[in-house]
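**Student:** Which chain is which? The protein sequence lines are A and B, in order.
FYI, the numbering for the first sequence is 6 to 914, going by this note's numbering.
FYI, the numbering for the second sequence is 111 to 225, going by this note's numbering.
Below: one structure in structure tokens.
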Amino acid sequence: MHREPRIPGLRRTLRNPAGRIERDVDDEVAFHIDSRVAELTAAGVDPDAARRRAKAEFGDLVASRRELAAVDRRRYRRELIARAVDAVSLELRHAMRSLVRAPAFTTAAVLTLVVGIGAVVTIFAVVNGILLRPLPFGQPERLIAASHDLPPLGLFHEPQTASTYFAYQRLAQTIDGIGVYQEADVNVAEPRGVAEPERMTMARVSASLIPTLEVSPLLGRAFADADDRPGAQPVMLVSEAMWRNRFGGDEKIVGRRLDLDGVSYEIVGVMPESFRFPTAETRLWVPLRLDPVNPPPTAYAYTGIARLKPGVTIAAAQRDFTSVLRRLPELFPSFVPGISTETMIAQMHPQPVVAPLAAELTGSIARTLWTVSVAAALILLVACANVANLMLVKADARQREIAVRSALGAGRARLLLLFFTESALVTTLATVLAFAAASAAVRLLVAAGPLGIPRLSEVTVDARAVAFTTVIGVFVAAACTLFPSLRLGPAQQNATLRGDVRGGTAGRRQHRVRGTLVVAQIASALVVLAGSGLLIRTFQRLSAVRPGFDSEHVSTFWISLPAGRYKSDTSVVQFYGALVDRVAAMPGVAAVGLSSRLPLEIHGIDQNPLYPEDDASYSNKLPPLQLFTAVSPDYFKAMRIPVLAGTTFQPMSVQRFEEAIISRSSAIAFWKDSTGVSAIGKRFRPLPTGRLYTVIGVVGDIRDTALSAAPSQVVYFPETLEANGLARRTKRTMALVVRTAGAAAVEGTIRQTVRDADPTLPIFDVRPMRAVLSAATSQLTFVIAVLAAAAAVTLMLGAIGLYGVLAYVVTLRARELGIRIALGATPGAVAASMAKYGIRLTAIGVAIGLGVFTLAARFLRTMLFGVTPGDPLTLSSAVFLLVGVALTASWLPARRAARVDPASTLRAE
Amino acid sequence: MPQFPEELLRGTLDALILKTLTWGPRHGYAIAGWIRQTSRESLAVEDRALYLALHRLEDKGWVESEWGLSDNNRRAKFYQLTATGRAHLKAESSRLARYTEGLFRVLEAGAWESR
């Protein structure tokens, strides 16, 4: 007879088999000795002597027993494993056949899980790379970002000034080192100008920075303190990528030279590829060369990173920094010319802020990533629920098989194995596919991800992602097994064997299971739907924001004039003046202007106070900071920023040094005048003592820093020829802003024009102004895209789940419905009773979903603009959409219920 | 008493046990008795070694065991040859035959030379 291989029950496996094995060994040995004694006695030997002889013949009894039992135990263990392998492989073959026989089920289940697992794994890879993996520096957990809050100015996490940096470096007790850096762009050329010059991202760093980060160069040396003094020989470090691409991996690169903005720098070392600091785009590092005796009077301009001494807490470091800052006036009495350090501290109330470096670097993106993670987790949840539902349907079709197998002695463990093998097969296949899909998605994301995500270049599918995928796969397989096996009670089996299942009475328990699954799906779908709805509303609001300028048909080109080549302000202004004239004369160009910064970009931000003439109110408090921008006269025309009062500047060749144009909000802030008229002719100083400027015009406000932020106060200065070498405000790095008539293509001609004027000048960051605008919302559009996809998937899967359950219930209750129709119930009433079940599940799901969302929406708050987390319009739209889809999903099975033919269902009995 | 190399001794013992079982299932005591008689007590083996060999053969899958009743109605463990055990015995006997043949040839040649 064929014996079904059995997995020994849990109890038997755990029970110590040694007891039985040793007893058997004892019995066998005793039988031998007794038999020998009996034989010898029969031959006439004295019984005692016989026993002694039998024992002597046998050998060491104790050792024998031990050895024999050891052999038997080994055999027992091996048999156990062999039996389990047998059972599993039988079950695997069985499951494989059953999956192949039901291709529709298999495809649906696998695809659903691929979506769910793929989403979770992709997001995990991103979260892991950006938030979880330690920073690529030595002992990164001891690194802190050191910044300042300036509450009276509404500025937070502002970087270091040169003087605060030197103060912490000299006096802070809790740190093993502090370094500062500043990001910059630079024109890079070969010493003899062979290759075309290139614009590159670099960082100016203090010599202390690289040792503080505990990173060593790949080749050569890092900066020495002697390199970091004013007047030191210019030296630089290059990145590994630059070394390989530009220098072909030359081993003798140390000592070679490059021209940075026309100044020759000696290369002293190569930094490894893993040193993507401060960004992945950084190619070069040069010393900051700050003067420790007379720190330059720049304001908060240098980002600070310190290394805590081992065992020091953040709070202790914070206290230490605070006490050091109190002593700043002793060390450096003057903050900037005209403002003493004492005054600065009294007016700005700088508070040192010390935070873990990793959190500081990724703080901006962390919330977004966690939001997306939640959406991905919900997709997986809904996908699992759907597959569990599919498994239930499949298990129902096998009720009889299961009942027969359990009657034949298959234990619960064995039946669990039956379900588990099938979900394991499906899950394994889905996990492998999902992993491949996720790897592709991650590569795509890294290549084309939205701008401004820190550490994005470090995101890869690594061993941790593989491990995570495996864990998720096991979890999913277990979840999909759990539900079908929930009703493996003994009563259920008996009922099935008796055939009760046809009556539908035994199905109550699985109804509840299925109902729960559907409710979970609907609740998840609502959460994701409402979340993406809120973000879409935010996007609408942001798109509706009038930025104050017109980005249509405007192109921007950045140019930087190196000091080595354009030594005086006069030469800079002459170059730009001639360039603007030449571009303005080009066909298709409607207006052209220059600006030292573009709205919504970080590049070129320069914030300073403004002291109105004869206004005593700012003698002991700091006036609001202004964004200082250098522009050419037609910049406003090119950007269509309205001139509200007064006029714009004179042509560049005759721009006047002492003139300025202010924005409307500056006029309101200082002269309480929204029309701008009364601000005209007023005079102010950028420092309490210093040159006076006269307001000659007031222009409209623009959204300068972010679409969601209020307009900044802006002061526009002219690019001027040198005037006695005093207080130069002329900027060398400017954006050429070109408005074309219609969609004229001018890029080629403009590049040619610049090349004609100076072939050594690179043009960089060439972008239509529209791209600048959309880059400002790129992170948001990315999240919206992800959430909208998540919403679509959960909604669809939820609808499928609801439909599946109702359709199944109709099939199950066909006989009952047939009887009711035969007894005179109208088809409409029958359909309504079915639809009611669907509606009840939907209602519970919606209620739970709304509850969960209200709790979760708080986390969305910082990502929203112009809409509250509880926005009734968004929530009700989400509910309506969901209920509409749910009604459709219920209606189809209900209609089928109404069409049950009483005669045929009754006959089928 | 002749001193056999350990491995040869064990192989021989295995072969003897398997041979014993070719005539049908029997318990350890019966096997021991048979070996004692056939080898005319020349192969003085401890019973301990015999049982250890039996259990190892079972572990290898050459014999299988079942508890049954002995002639005098006591619970006894009966061993039985399996198909693989039979195949192994065949291979092992011819190997042993070759070995002993070779051994004798060497011994006799030595005798001739010393003559």
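Glycine included, each C-beta is placed from N, C-alpha and C at the ideal position.
None of the values given here were measured: they were computed from a predicted structure.
(1) Decide if ALA549/A is buried, meaning its Cβ has at least 16 other Cβ atoms within 10 Å, or exposed.
(2) Which residues mark the beginning and the end of the alpha helix (DSSP H) in which TYR571/A is found?
(3) Using 10 angstroms around the beta-carbon of THR634/A, count the other beta-carbons present and answer buried if the total reaches 16, otherwise exposed.
(4) Would you mind listing the beta strand (DSSP E) stretches within the segment 583–616 of chain A that are 3+ residues and don't spill past its ends, in chain order?
(5) Based on the DSSP secondary-structure assignment, which residues constitute the bridge partners of MET207/A?
(6) Relative to the C-alpha of TYR307/A, which residue among PRO292/A, VAL90/A, ARG469/A is closest?
(7) What residues in its chain sit with their C-beta under 7 Å from that of ALA836/A, if we drop five residues either side in the sequence?
(8) Considering only the beta carbon of each residue, do HIS558/A and THR782/A sit closer than 8 Å?
(9) Which of the three DSSP states is assigned to ILE458/A in this structure?
(10) Whose C-alpha, out of SER779/A, ALA852/A, TYR842/A, is nearest the C-alpha of GLN545/A?
(11) Note down, in chain order, all residues in the segment 48–74 of chain A with a beta-carbon under 7 Å from any beta-carbon belonging to chain B.
(12) Under 8 Å, do LEU540/A and LEU792/A count as touching if we go by C-beta distance?
(13) In angstroms with no decimal places, state the Cα-to-Cα distance between ALA665/A and PRO629/A.
(14) For ARG772/A and THR561/A, what's the separation of their Cα atoms in angstroms?
(15) Does the segment 312–324 of chain A come close enough to the segment 123–140 of chain A that 3 or more CB-CB pairs lie under 8 Å?
(16) For GLY806/A, which option in VAL703/A, ASP619/A, ARG28/A, SER529/A has the closest C-alpha, if you only look at C-alpha atoms?
(17) What ranges does the beta strand (DSSP E) occupy inside the segment 539–573 of chain A, keeping only unbroken runs of at least 3 residues that lie completely in it?
(18) Please state the DSSP three-state secondary structure of VAL905/A.
(19) Compare the C-beta of ARG78/A with all C-beta atoms of chain B and state if any pair is closer than 8 Å.
(20) Please compile the residues from chain A whose C-beta is within a distance smaller than 7 Å of the C-beta of ASP157/B.
(21) Among MET774/A, ILE527/A, ILE610/A, LEU766/A, which has the Cα closest to the Cα of PHE885/A?
(22) To which residues of the same chain is GLY871/A closer than 7 Å at the C-beta, ignoring the five residues directly before and after it?
(23) Beta-carbon within less than 7 Å of ARG613/A's beta-carbon, same chain only, minus the 5 sequence neighbours each way: which residues are those?
(24) If you follow the beta strand (DSSP E) that HIS162/A is in, where does it begin and where does it stop?
(25) Starting from ASP124/B, find everything on chain A with Cβ-Cβ shorter than 7 Å and list it in chain order.
(26) At what residues does the alpha helix (DSSP H) containing SER671/A begin and finish?
(27) Confirm, please, whether the CB-CB distance from LEU330/A to PRO355/A is below 8 Å.
(28) What residue range is occupied by the uninterrupted alpha helix (DSSP H) comprising ARG4/A?
(29) List in chain order: all unbroken alpha helix (DSSP H) runs of 4+ residues lying wholly within the segment 340–390 of chain A.
(30) Interface residues of chain A around GLU168/B at Cβ under 7 Å?
(31) Determine the DSSP secondary structure at ARG166/B, reduced to helix, strand or coil.
(32) Evaluate contact between the segment 123–132 of chain A and the segment 373–383 of chain A, counting only Cβ atoms and requiring at least three cross-stretch pairs below 8 Å.
(33) Taking PHE675/A as the reference, give the member of LEU295/A, SER537/A, ASP619/A with the closest Cα.
(34) Buried or exposed: which applies to ARG207/A, given that a residue is buried once 16 or more other Cβ atoms fall within 10 Å of its Cβ?
(35) Is there a Cβ of chain A sitting closer than 8 Å to that of ARG136/B, yes or no?
(36) Nearest-angstrom Cα distance between GLU406/A and LEU413/A?
**Tutor:** For this structure:
(1) Looking up residue 549/A in the first sequence gives position 544. By the 10 Å Cβ count, ALA549/A comes out exposed.
(2) As a first step, residue 571/A must be located in the first sequence, where it is residue number 566. From DSSP, TYR571/A is part of no alpha helix (DSSP H); its letter is neither H nor E.
(3) Taking the first residue of the first sequence as 1, we reach residue 634/A at position 629. A residue is called buried when at least 16 other Cβ atoms come within 10 angstroms of its Cβ; THR634/A meets this threshold and is buried.
(4) Listed in chain order, they are 594–600, 612–614.
(5) Residue numbering aside, residue 207/A sits at position 202 when the first sequence is read from its first letter. Under the DSSP definition of a beta bridge, MET207/A partners with ALA189/A, LEU289/A.
(6) Walking along the first sequence from the start, residue 307/A turns up at place 302. Residue PRO292/A is the option with its Cα nearest to TYR307/A.
(7) Taking the first sequence and counting its residues from 1, the one referred to as residue 836/A is at position 831. The residues are ALA899, ARG900, ALA902, ALA903.
(8) Against the first sequence, residue 558/A aligns to sequence position 553. Against the first sequence, residue 782/A aligns to sequence position 777. Contact flag unset, no.
(9) By 1-based counting over the first sequence, the position of residue 458/A is 453. Here ILE458/A sits in coil by DSSP.
(10) Counting from 1 along the first sequence, the entry for residue 545/A is found at position 540. Closest in alpha carbon position to GLN545/A, among SER779/A, ALA852/A, TYR842/A, is SER779/A.
(11) Only those residues of the segment 48–74 of chain A whose C-beta falls short of 7 Å from the nearest C-beta of chain B are listed: GLU62, PHE63, GLY64, ASP65, SER69, GLU72, LEU73.
(12) Within the first sequence, numbered from 1, the residue matching residue 540/A stands at position 535. Within the first sequence, numbered from 1, the residue matching residue 792/A stands at position 787. Contact flag set, yes.
(13) Indexing the first sequence from 1 puts residue 665/A at position 660. Indexing the first sequence from 1 puts residue 629/A at position 624. If I take the Cα positions, the gap works out to 17 Å.
(14) For the purposes of this step, residue 772/A is identified with residue 767 of the first sequence, where counting begins at 1. For the purposes of this step, residue 561/A is identified with residue 556 of the first sequence, where counting begins at 1. Using only the alpha carbons, I get a separation of about 5 Å.
(15) Cβ pair count under 8 Å is below three, so no.
(16) Taking the first sequence and counting its residues from 1, the one referred to as residue 806/A is at position 801. Checking every option, the nearest Cα to that of GLY806/A belongs to SER529/A.
(17) Counting only runs of 3 or more, we get 559–565.
(18) Within the first sequence, the letter at position 900 stands for residue 905/A. VAL905/A carries a coil assignment under DSSP once its states are collapsed to helix, strand and coil.
(19) Stepping through the first sequence from its first residue, residue 78/A is reached at position 73. By the rule that beta-carbons nearer than 8 Å mark a contact, ARG78/A does not touch chain B.
(20) Here the question's residue 157/B lines up with position 47 in the second sequence. Residues of chain A with a Cβ closer than 7 Å to the Cβ of ASP157/B are, in chain order, HIS37, GLU62, PHE63, GLY64.
(21) Looking up residue 885/A in the first sequence gives position 880. Comparing Cα positions, the closest option is ILE527/A.
(22) As a first step, residue 871/A must be located in the first sequence, where it is residue number 866. So the qualifying residues of the chain are THR543, ARG546.
(23) Your numbering for residue 613/A matches position 608 in the first sequence. Reading off the sequence, residue 613/A comes out as Asn, not Arg. Once the five neighbours on either side are set aside, the close Cβ partners of ASN613/A are LEU630, GLN631, PHE633, PRO691.
(24) Residue numbering aside, residue 162/A sits at position 157 when the first sequence is read from its first letter. Residues 160–163.
(25) Within the second sequence, residue 124/B is the residue found at index 14, counting from 1. The contact set of ASP124/B on chain A, defined by CB atoms closer than 7 Å, is empty, because the minimum CB distance reaches about 14 Å.
(26) To locate residue 671/A, count along the first sequence from 1; it is residue 666. SER671/A -> alpha helix (DSSP H) spans 669–676.
(27) Taking the first sequence and counting its residues from 1, one reaches residue 355/A at position 350. Taking the first sequence and counting its residues from 1, one reaches residue 330/A at position 325. Cβ distance < 8 Å, so PRO355/A and LEU330/A count as in contact.
(28) As shown, chain A starts at 6 and ends at 914. That puts residue 4/A outside it, with no answer to give.
(29) Listed in chain order, the alpha helix (DSSP H) runs fully inside the segment 340–390 of chain A are 346–353, counting runs of at least 4 residues.
(30) Within the second sequence, the letter at position 58 stands for residue 168/B. Annotation: Cβ neighbours of GLU168/B in chain A (cutoff 7 Å, chain order): ARG80.
(31) Here the question's residue 166/B lines up with position 56 in the second sequence. Residue state, collapsed to three classes: helix.
(32) Touching, yes.
(33) In the first sequence, residue 675/A corresponds to position 670, counting from 1. Taking only the C-alpha atoms, the option nearest PHE675/A is ASP619/A.
(34) Indexing the first sequence from 1 puts residue 207/A at position 202. It should be pointed out that residue 207/A corresponds to Met in this sequence rather than to Arg. With 16 or more Cβ atoms within 10 Å of its Cβ, MET207/A is classed as buried.
(35) Numbered from its first residue, the second sequence carries residue 136/B at position 26. By this cut-off, ARG136/B is not an interface position.
(36) For the purposes of this step, residue 406/A is taken as residue 401 along the first sequence, with counting starting at 1. For the purposes of this step, residue 413/A is taken as residue 408 along the first sequence, with counting starting at 1. CA-to-CA, the gap between GLU406/A and LEU413/A works out to about 11 Å.
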